[in-house]
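So the sequence shown is numbered by the working numbering: it starts at 1 and just counts up by one.
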Amino acid sequence: MHSSEIAKAHFSTTKFREGYVMDDVDSYLDKVRTSLESWESGVPGELTADAVEQSRFALTKFRTGYVEDEVDNYLDEVSATLQSFEGSQHP
1 MHSSEIAKAH
11 FSTTKFREGY
21 VMDDVDSYLD
31 KVRTSLESWE
41 SGVPGELTAD
51 AVEQSRFALT
61 KFRTGYVEDE
71 VDNYLDEVSA
81 TLQSFEGSQH
91 P
């Protein structure tokens, strides 16, 4: 995964089931993009794979939110990319 892909991330939304607060996820993805850009330039980024795995977001119900499983799966990919950087292996 490359930092440029973060801006293209798209998640389905839900309104009547719990979902992640969209602003929270979007703000976190900005941090992810910045961290990946740092790693790509050879400087350790602010976020680590462990930090991404432990990330949690506020939940919403009866308001539009991102489908939790889609966000979680995407962040699993981000975490795998960061693990590659942390292990000095380029993804």
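All C-beta atoms in this analysis are idealised placements derived from N, C-alpha and C, irrespective of residue type, glycine included. None of these values were measured; they are calculated from a predicted model.
Its chain contains 3 as the residues whose beta carbon lies nearer than 6 Å to that of residue 36, once the 5 sequence neighbours on both sides are disregarded; these appear in chain order.
The beta carbons of residue 64 and residue 15 sit closer together than 8 Å. In the DSSP annotation of this structure, the continuous segment of the alpha helix (DSSP H) that includes residue 33 starts and ends at 22 to 40.
Cβ contact annotation for residue 75 (same chain, cutoff 7 Å, sequence separation greater than five): 52 and 55, in chain order. In this structure, 87 is the residue among 71, 87, 73 and 17 with its C-alpha nearest to the C-alpha of residue 48.
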